[in-house]
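Taking this note's numbering, the leading residue of the sequence shown gets 1, the next gets one more, and so forth.
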Amino acid sequence: MDANPVDRQAELFLACCAAGLWPGLSRSLATRLVDVGITSADDVSVTSLRKLDDIDAKRAERLAKNFTQAAPRFAVAALLHEAGLPLRPAMAIVDELGSRAADMLAADPWRVLDAGQLQPRDADVFALRTLPQRPGKDDRRRGRAFTVHVLTRAARDGHTVLPDATVASALAGLDVPDPAAAIDAAIDDGAVIDAAHYDEQAGEDAEPQRLIGLTRYAMAEDAVAEGLMRLLATAEPLATPEGATAVTGGLDPAQREAVQQVAGDGVVVLHGGPGTGKSRTVAAVVELARARHKRIALAAPTGRAAKRLEELAGQEATTLHRLLGAQPATGENRTTHFRTTQFLRGESWPIDADVVVVDEASMLDVELAAALVDACADGTHLLLVGDPAQLPSIGPGRVLGDILDSAAVPAVELTTLHRQAEGGTIARLAAAVRSGDLPRVEDPEREVVVLAATGSAEAAHRVVQLVTDSIPRALGIASEDVQVVTPVHRGPAGTLALNKVLKERLNPGSGAASGFDVGDRVVATANHLDDGFANGEVGVVTGVVDGALTVDFAGGPVAVPPKAVSDLVHGWAITVHRAQGSEWPAVVVVLPPEAGGMLSRPLVYTALTRAQRHLSVVHAAGAAVARGVREVGARPRRTRLSTVLRGG
């Protein structure tokens with residue numbers, strides 16, 4: 001006999017609460033709701049919530065308001081529950097589809113895939129249990145959703161487009177009977193675009209291939225190309241080459257050329273490795289702009305990079321997201337398919353600057369780059385500063401590399417190593433790795449120290465010893481200024497295990513506040529732009545109030561609300577990707593055996609160049625490191641920006 005409908009409703013309601021669908025309701029509170037008789041939506045009120053221990057009137061009112069706003073999540077969760085699927089994806093589904101998500105899923109159940117939380121087999125189960133009639137595998141809605149899923153998965157690896165044959169093969173593997181019809185359905189829907197009828201990256205002798213991609217990334221690549229060409233066409237010179245000489249004293253010829261290019265052209269790319277004088281060149285550009293009474297905006301993708309840029313250029317700098325007025329976009333206000341961020345700055349409200357300088361440009365994904373150029377008014381001078389030898393952006397695209405490959409934008413490469421007295425050994429090692437060589441390090445000054453380990457366990461032991469004892473004692477660099485960087489999450493020398501040990505040694509505590517204590521170092525694993533921090537930002541917990549954490553990030557203190565705390569993890573040890581764009585006084589890079597298959601020149605190079613004053617390398621991956629540096633270059637990404645810039 002079926003369970004009582006009332007009992008089933010209570011079970012579903014409490015399961016939704018336990019899944020975190022009610023913003024501000026902690027896990028402990030969720031388990032105590034039944035104690036005060038709250039077992040359904042009808043039971044939720046300020047009065048009933050006040051019956052919970054430690055809930056005052058103000059918090060009860062806030063919880064009640066949050067519950068009302070969470071109604072679309074509960075509606076989607078009810079559909080997921082009926083299909084036997086997990087409930088937590090309801091949050092991402094509503095964020096993606098908007099407040100009418102439940103109605104949209106009733107009409108097209110395969111759209112549960114759009115949020116990226118479920119797999120195709122889950123979508124098929126959901127459709128089977130949602131639609132009144134058994135759906136066929138050739139349903140156009142299914143074909144659309146599966147095509148978008150394949151391209152979204154490719155985007156996570158950095159691709160903005162794929163050959164249609166590759167997509168068709170993936171669709172066939174997902175039991176789509178007519179892949180070509182599925183692709184057409186996605187194009188007709190508008191989520192996917194026929195990006196081009198050739199594949200330049202396949203080689204000159206290869207057969208032409210049709211490229212398709214998610215509309216959002218194709219639109220972004222077009223916007224970047226159009227914006228860069230617009231700036232090149234509309235900029236008036238800041239100064240003549242002779243007029244720029246007043247600020248170029250002491251610069252080498254390439255640096256002087258870069259300053260003159262920025263003065264004359266609307267867009268310039270300045271690139272080179274560490275120690276080649278990029279910062280000094282930027283400082284000269286800032287000085288020239290000031291002398292011409294021009295408004296200046298300096299930005300970088302991360303808080304630490306922005307702070308470093310500010311110190312080096314002697315001019316206020318900010319994160320790029322803050323400069324652009326970034327806000328999270330939901331299903332209610334998205335302007336393109338799947339766009340997860342919107343920006344207040346743009347064509348109608350451009351950046352208030354005549355000269356815009358963006359450091360760490362290798363971290364620009366194609367959508368962020370599109371937002372940047374869109375927010376630069378006609379006549380703005382844009383200087384992109386970066387190092388294409390580093391890892392590419394976490395998001396899709398290879399903006400810096402594509403711009404350089406296109407040769408459509410003026411670019412100046414700095415190659416002369418100037419950083420000898422300070423950072424000399426780090427800079428020389430980085431330069432060697434950048435060119436594919438891994439030399440033996442002999443440094444009596446101990447700026448760079450390489451320690452061999454026989455396996456992951458020994459490597460982890462050495463890392464902890466370096467952070468907690470050796471570096472502070474021998475070099476006078478405090479543990480709080482030492483950052484551990486590793487390629488992996490799992491294993492004894494991965495982020496999870498190292499953070500557990502380092503917390504025990506550096507800041508022991510019960511972790512009563514969602515696993516954290518005051519004094520813990522944390523790193524963000526997702527963007528929370530409305531709350532004031534972005535993916536990869538590292539900070540220190542300075543306070544805990546009512547389930548919320550106060551975290552001191554590089555850009556300043558941030559009150560992290562309970563809903564965002566789950567996107568923080570301990571940050572004494574972080575991955576190389578999350579370390580990109582930041583530098584620390586001392587860095588310990590650990591290369592364990594399990595990282596062997598993922599080691600590449602960009603990854604090793606990026607890891608080594610995070611250190612300012614001291615670098616320790618704990619080497620346990622054997623010959624895989626030298627082989628990766630020598631043989632494995634940047635992992636290829638399918639993009640079309642370079643082609644578009646060349647007018648293809």
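From the three backbone atoms N, C-alpha and C, an ideal C-beta is built for every residue, glycine too.
Endpoints, the beta strand (DSSP E) within which residue i is located
{"i": "Leu549", "result": "Ala548 to Phe553"}
{"i": "Gly424", "result": "Where Gly424 is concerned, there is no enclosing beta strand (DSSP E), although the alpha helix (DSSP H) it sits in stretches over Gly424 to Arg434."}
{"i": "Ile212", "result": "Leu211 to Leu214"}
{"i": "Arg521", "result": "Arg521 to Ala524"}
{"i": "Pro557", "result": "Gly556 to Val560"}
{"i": "Val373", "result": "Per DSSP, Val373 belongs to no beta strand (DSSP E); it is in the alpha helix (DSSP H), Val366 to Asp374."}
{"i": "Ile471", "result": "Element bounds for Ile471: not the beta strand (DSSP E) but the alpha helix (DSSP H), Ile471 to Leu475."}
{"i": "Ile296", "result": "Ile296 to Ala300"}
{"i": "His271", "result": "Val267 to Gly272"}
Endpoints, the alpha helix (DSSP H) within which residue i is located
{"i": "Gln483", "result": "Gln483 -> not in any alpha helix (DSSP H); beta strand (DSSP E) instead, spanning Val482 to Thr486."}
{"i": "Arg627", "result": "Ala623 to Glu631"}
{"i": "Glu310", "result": "Gly303 to Ala313"}
{"i": "His149", "result": "Arg140 to Arg156"}
{"i": "Ile187", "result": "Pro179 to Asp189"}
{"i": "Leu251", "result": "That residue, Leu251, is in no alpha helix (DSSP H); it is neither H nor E in DSSP."}
{"i": "Ala170", "result": "Asp164 to Gly173"}
{"i": "Ile394", "result": "That residue, Ile394, is in no alpha helix (DSSP H); it is neither H nor E in DSSP."}
{"i": "Pro72", "result": "Ala71 to Glu82"}
Rounded straight-line distance, which links the Cα of residue j to that of residue i
{"i": "Leu21", "j": "Ser406", "result": "46 Å"}
{"i": "Pro350", "j": "Met229", "result": "17 Å"}
{"i": "Gly227", "j": "Pro177", "result": "41 Å"}
{"i": "Thr486", "j": "Asp139", "result": "45 Å"}
{"i": "Asp374", "j": "Gly346", "result": "5 Å"}
{"i": "Pro120", "j": "Val488", "result": "28 Å"}
{"i": "Val36", "j": "Thr130", "result": "34 Å"}
{"i": "Val357", "j": "Ala297", "result": "6 Å"}
{"i": "Arg428", "j": "Leu417", "result": "8 Å"}
{"i": "Ser348", "j": "Asp378", "result": "12 Å"}
{"i": "Leu368", "j": "Gly275", "result": "27 Å"}
{"i": "Val644", "j": "Ala225", "result": "6 Å"}
{"i": "Arg334", "j": "Gln342", "result": "Low confidence applies here, because Arg334 scores a pLDDT of 48, under 50, leaving its location unreliable; read the following figure in that light. Approximately 7 Å between the Cα atoms of the pair."}
{"i": "His316", "j": "Phe553", "result": "Rather than His, the amino acid found at residue 316 in this sequence is Glu. Cα to Cα, the separation comes out at about 17 Å."}
{"i": "Glu221", "j": "Leu382", "result": "17 Å"}
Assigned exposure category for residue i - 16 Cβ within 10 Å defines buried
{"i": "Thr495", "result": "buried"}
{"i": "Gln420", "result": "Since pLDDT at Gln420 reaches only 49, below the 50 mark, its modelled position is unreliable, and no value is offered."}
{"i": "Ala191", "result": "buried"}
{"i": "Pro253", "result": "exposed"}
{"i": "Asp128", "result": "It should be pointed out that residue 128 corresponds to Leu in this sequence rather than to Asp. Exposed, because fewer than 16 other Cβ atoms sit within 10 Å of the Cβ of Leu128."}
{"i": "Arg446", "result": "exposed"}
{"i": "Arg473", "result": "exposed"}
{"i": "Glu257", "result": "buried"}
{"i": "Asp439", "result": "Note on residue identity: the sequence assigns Pro, not Asp, to residue 439. Exposed, since its Cβ has fewer than 16 Cβ neighbours within 10 Å."}
Collapsed DSSP secondary structure at residue i in the structure displayed
{"i": "Val36", "result": "helix"}
{"i": "Trp110", "result": "helix"}
{"i": "Ser616", "result": "strand"}
{"i": "Gly346", "result": "coil"}
{"i": "His381", "result": "strand"}
{"i": "Thr245", "result": "helix"}
{"i": "Val501", "result": "helix"}
{"i": "Asp443", "result": "coil"}
{"i": "Val259", "result": "helix"}
{"i": "Ala408", "result": "coil"}
{"i": "Glu458", "result": "helix"}
{"i": "Asp194", "result": "strand"}
{"i": "Leu232", "result": "helix"}
{"i": "His489", "result": "coil"}
{"i": "Ala421", "result": "Summary for Ala421: the model assigns pLDDT 46, below 50, so the residue's position carries little reliability, and this model does not support an answer."}
{"i": "Ala534", "result": "coil"}
Distance CB(residue i)-CB(residue j) smaller than 8 Å
{"i": "Ala283", "j": "Ala313", "result": "yes"}
{"i": "His570", "j": "Val501", "result": "no"}
{"i": "Val125", "j": "Ala83", "result": "yes"}
{"i": "Asp95", "j": "Ala115", "result": "yes"}
{"i": "Leu384", "j": "Val269", "result": "yes"}
{"i": "Arg637", "j": "Pro388", "result": "no"}
{"i": "Trp584", "j": "Val464", "result": "no"}
{"i": "Val589", "j": "Leu608", "result": "yes"}
{"i": "Asp531", "j": "Pro561", "result": "yes"}
{"i": "Gly213", "j": "Val161", "result": "yes"}
{"i": "Ala621", "j": "Leu591", "result": "yes"}
{"i": "Ala370", "j": "Ala223", "result": "yes"}
{"i": "Arg280", "j": "Gln260", "result": "no"}
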